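Engineer:
There are 2 protein chains.
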Amino acid sequence: MQVDLALIHYPVCNRNREIIGSAVTNLDLHDIARAGRTFGIDNYYIVTPFADQQQLVREILEHWQTGYGAGYNVHRKEALGIIRLCDDVAGLYEEVTAKWRKRPIVLATSAADPENALAYDEARTMILAGEPVLILFGTGWGMAPELLAEVDRLLPPIIGTGNYNHLSVRSAAAIILDRLLGDRC
Amino acid sequence: MQVDLALIHYPVCNRNREIIGSAVTNLDLHDIARAGRTFGIDNYYIVTPFADQQQLVREILEHWQTGYGAGYNVHRKEALGIIRLCDDVAGLYEEVTAKWRKRPIVLATSAADPENALAYDEARTMILAGEPVLILFGTGWGMAPELLAEVDRLLPPIIGTGNYNHLSVRSAAAIILDRLLGDRC
Chain W
691 MQVDLALIHY PVCNRNREII GSAVTNLDLH DIARAGRTFG IDNYYIVTPF
741 ADQQQLVREI LEHWQTGYGA GYNVHRKEAL GIIRLCDDVA GLYEEVTAKW
791 RKRPIVLATS AADPENALAY DEARTMILAG EPVLILFGTG WGMAPELLAE
841 VDRLLPPIIG TGNYNHLSVR SAAAIILDRL LGDRC
Chain V
691 MQVDLALIHY PVCNRNREII GSAVTNLDLH DIARAGRTFG IDNYYIVTPF
741 ADQQQLVREI LEHWQTGYGA GYNVHRKEAL GIIRLCDDVA GLYEEVTAKW
791 RKRPIVLATS AADPENALAY DEARTMILAG EPVLILFGTG WGMAPELLAE
841 VDRLLPPIIG TGNYNHLSVR SAAAIILDRL LGDRC
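Taken in order, these protein sequences are the chains called W and V. Quick note: the first sequence uses our numbering, first residue 691, plus one each step. Quick note: the second sequence uses our numbering, first residue 691, plus one each step.
(1) Tell me whether residue 734/V sits in a helix, a strand or coil according to DSSP, three-state version.
(2) My assumption, with CB atoms under 8 Å, is that residue 845/W sits in contact with residue 813/W. Please give the rounded CB distance.
(3) Quick check on residue 725/V - is its C-beta less than 7 Å from some C-beta in chain W?
(4) Whole alpha helix (DSSP H) runs in the stretch 801-831 of chain V with 4 or more residues, listed along the chain?
(5) Going along chain W, which residues have a C-beta under 8 Å from residue 793/V?
(6) Measure the CB-CB distance between residue 724/V and residue 720/W and report whether it falls below 7 Å.
(7) Judging by CA-CA distance, which residue of 706/W, 709/W, 726/W is the nearest neighbour of residue 858/V?
(8) Who are the neighbours of residue 797/W on chain V, taking C-beta pairs under 7 Å?
(9) Please report the distance separating the alpha-carbon of residue 872/V from that of residue 815/V.
(10) Provide the residue(s) that pair with residue 833/V in DSSP beta bridges, ordered along the chain.
(11) Compute the Euclidean distance between the alpha carbons of residue 701/W and residue 827/W, then round it to the nearest angstrom.
(12) Taking Cβ positions only, does residue 858/V come closer than 7 Å to chain W?
(13) For chain V, is any of its Cβ atoms less than 7 Å away from the one on residue 753/W?
(14) How about residue 849/V: is its C-beta nearer than 7 Å to some C-beta of chain W?
(15) With a cut-off of 8 Å on the beta carbons, I'd call residue 851/V and residue 833/W a contact; round off their distance for me.
(16) Please report whether the beta-carbon of residue 865/V lies at a distance below 7 Å from any beta-carbon of chain W.
(17) According to DSSP, is residue 718/W helix, strand or coil?
(18) Find the residues of chain V that neighbour residue 699/W, judging by a C-beta separation of less than 9 Å, and give them in chain order.
(19) To the nearest whole angstrom, what separates the beta carbons of residue 848/V and residue 862/V, a pair I think is in contact under 8 Å?
(20) Flag this pair as yes or no: are the beta carbons of residue 779/W and residue 746/W separated by less than 7 Å?
(21) So, using beta-carbon positions, are residue 786/V and residue 718/V closer together than 7 Å?
(22) Between the C-alpha atoms of residue 763/W and residue 806/W, what's the straight-line distance to the nearest angstrom?
(23) In terms of residue numbering, what span does the alpha helix (DSSP H) encompassing residue 866/W cover?
(24) Can you tell me whether residue 818/W is buried or exposed, with buried defined as 16 or more other CB within 10 angstroms of its CB?
(25) Who are the Cβ neighbours of residue 777/W in its own chain at under 6 Å, not counting the five residues just before and after it?
(26) Would you mind telling me which residues of chain V sit closer than 9 Å to residue 768/W, beta carbon to beta carbon, in chain order?
(27) Within 7 Å (strictly less), CB to CB, does residue 730/W reach chain V?
(28) So which residues of chain W does residue 694/V contact, with C-beta pairs closer than 8 Å?
(29) In chain order, which continuous runs of the alpha helix (DSSP H) of length 4 or greater are located wholly inside the stretch 745-780 of chain W?
(30) Cutting at 7 Å between CB atoms, please list the residues of its own chain near residue 744/W, excluding the five before and the five after it.
(31) Within 7 Å of any Cβ in chain V, is that where the Cβ of residue 871/W sits?
(32) Does residue 712/W come within less than 7 Å of chain V when only Cβ atoms are used?
(33) Verify whether the separation of the beta carbon atoms of residue 860/V and residue 860/W is less than 7 Å.
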């Protein structure tokens, strides 16, 4: 299994659909790393061009990797160990392509329901067949349209029982990992 | 569909398996309310006996229900609208029993893998048949053993691809709601 996740902080939209860079959120690191580790994700990339935000990520990781947190909670150390930093999406693509010696299939989720969405079962089959896959998640009000336009396939939005489609990125990531990689019981 | 969630802050365990009351976490309110609203949950109960913690919950709800947040993000207002406060588990059981005019089937998750766990598919069938169901989630290092012992059935732990079983309660709740109530695509 060759699956990576990336959480994109730039370029994303704000509530007025303007392109911005969003701030890193501590619980986005923890929750998605823990879910990633649960489901066997290779790396979880935090993509931000901002030096102060990268420094914040490094400080959080240091606390849990080698600082007080490392002894306090070894499970957290293990989960956060899959996190890597990237300056931008181009660098992210280079890094995963070098790692797998092949450009992975890049998937993304969008709140809009795309016409040619890749069904979760199809994506699951692709992953189990050994295809490298990189899944992008947006922050803020979602990834910039130009970024979404260049991914290989979009995944369908998470549908519940109505038309409320406003999950946190932490919840959406957990559900998507379970749909793609979870035990079917 | 008659499904409620409850997040238990007392009685729960700390890392040394002692019984404690845990602190309310802002993102537990937001993330689980948004997931609950997505999947058609009736109410999401925050169970804590501590007056200061109840006051914190009220202030957060007020901000998003009638304060600045209500105008800033109507989707958040809608999600947080399903939250209710309860002093303790006994009061919780009374409230949901009165609401559904019947005591619901009480389900809980535990990190341990119980022998007689109710499979997610069976629980899903039960819910779709119209049975009232209350799902308990623990905070801290999990619900107290005496509380787990009195629920009707335990759900299996979320299994990923290995033996790492340390999801956040926010991620676990999202995955469990999707397994029980999500669209099967």
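All residues carry an ideal CB built from backbone N, CA and C; glycine is no exception. Since this is a predicted model, take the numbers as computed values, not measurements.
Structural biologist: Taking the coordinates as given:
(1) As a working note, residue 734/V is residue 44 in the second sequence. Strand at residue 734/V.
(2) In the first sequence, the residue the question calls residue 845/W occupies position 155. In the first sequence, the residue the question calls residue 813/W occupies position 123. 7 Å between Cβ atoms; contact.
(3) In the second sequence, counting from the first residue as 1, residue 725/V sits at position 35. Closer than 7 Å to some Cβ of chain W, the Cβ of residue 725/V qualifies, so yes.
(4) Under the rule that a run must span 4 or more residues, the alpha helix (DSSP H) segments found entirely inside the stretch 801-831 of chain V read 810-818.
(5) Taking the first residue of the second sequence as position 1, residue 793/V is located at position 103. Within 8 Å Cβ-Cβ: nothing; residue 793/V doesn't reach chain W, min ~23 Å.
(6) Stepping through the second sequence from its first residue, residue 724/V is reached at position 34. Stepping through the first sequence from its first residue, residue 720/W is reached at position 30. Not closer than 7 Å, so no.
(7) Counted from its first residue, the second sequence places residue 858/V at position 168. Nearest Cα to residue 858/V within the set 706/W, 709/W, 726/W: 726/W.
(8) Within the first sequence, numbered from 1, the residue matching residue 797/W stands at position 107. Residues of chain V passing the Cβ test: none, with the nearest at roughly 15 Å.
(9) By 1-based counting over the second sequence, the position of residue 872/V is 182. By 1-based counting over the second sequence, the position of residue 815/V is 125. The alpha-carbon atoms of residue 872/V and residue 815/V are separated by roughly 12 Å.
(10) Mapped onto the second sequence, residue 833/V falls at position 143. Residue 833/V pairs with 702/V.
(11) Counting from one through the first sequence, the residue named residue 701/W turns up at place 11. Counting from one through the first sequence, the residue named residue 827/W turns up at place 137. Going by the C-alpha atoms only, they are around 11 Å apart.
(12) In the second sequence, residue 858/V corresponds to position 168, counting from 1. So, interface residue.
(13) For the purposes of this step, residue 753/W is taken as residue 63 along the first sequence, with counting starting at 1. No, no contact with chain V.
(14) The residue given as residue 849/V occupies position 159 in the second sequence. Yes, residue 849/V counts as interfacial toward chain W.
(15) Within the second sequence, the letter at position 161 stands for residue 851/V. Within the first sequence, the letter at position 143 stands for residue 833/W. The beta-carbon separation of residue 851/V and residue 833/W, rounded to 26 Å, does not stay under the 8 Å limit for a contact.
(16) Position 175 of the second sequence, counted from the first residue, corresponds to residue 865/V. Taking Cβ atoms only, chain W reaches closer than 7 Å to residue 865/V, which makes this a yes.
(17) As a first step, residue 718/W is located in the first sequence; it is residue number 28 there, counting from the start. Helix.
(18) If you number the first sequence from 1, residue 699/W lands on position 9. None at all; the shortest Cβ gap to chain V is about 18 Å.
(19) Within the second sequence, the letter at position 158 stands for residue 848/V. Within the second sequence, the letter at position 172 stands for residue 862/V. Taking a contact as a CB-CB distance under 8 Å, the pair residue 848/V and residue 862/V counts as one, their CB atoms being some 6 Å apart.
(20) Stepping through the first sequence from its first residue, residue 779/W is reached at position 89. Stepping through the first sequence from its first residue, residue 746/W is reached at position 56. No, Cβ-Cβ distance for residue 779/W and residue 746/W is not below 7 Å.
(21) For this step, residue 786/V is matched to residue 96 along the second sequence. For this step, residue 718/V is matched to residue 28 along the second sequence. Not in contact: residue 786/V and residue 718/V (Cβ atoms no closer than 7 Å).
(22) Here residue 763/W refers to the residue found at position 73 when the first sequence is read from its first residue. Here residue 806/W refers to the residue found at position 116 when the first sequence is read from its first residue. Looking at the backbone, the Cα of residue 763/W and that of residue 806/W are separated by about 43 Å.
(23) Indexing the first sequence from 1 puts residue 866/W at position 176. Element bounds for residue 866/W: 859-871.
(24) As a working note, residue 818/W is residue 128 in the first sequence. Counting Cβ neighbours within 10 Å, residue 818/W comes out exposed, since fewer than 16 surround it.
(25) Residue 777/W sits at position 87 when you count from the first residue of the first sequence. Shown here for residue 777/W: same chain residues with a beta carbon closer than 6 Å to its own, the five before and five after excluded, namely 739 in chain order.
(26) As a working note, residue 768/W is residue 78 in the first sequence. Result: 854, 856.
(27) Against the first sequence, residue 730/W aligns to sequence position 40. Yes, contact with chain V.
(28) Sequence index remark: in the second sequence, residue 694/V carries index 4 (1-based). Here the premise fails: no neighbours, minimum Cβ distance about 14 Å.
(29) 758-762, 764-770
(30) For the purposes of this step, residue 744/W is identified with residue 54 of the first sequence, where counting begins at 1. Around residue 744/W: 738, 775.
(31) By one-based count along the first sequence, residue 871/W stands at place 181. Yes, because at least one Cβ of chain V sits closer than 7 Å to the Cβ of residue 871/W.
(32) To locate residue 712/W, count along the first sequence from 1; it is residue 22. Closer than 7 Å: no.
(33) Walking along the second sequence from the start, residue 860/V turns up at place 170. Walking along the first sequence from the start, residue 860/W turns up at place 170. Yes.
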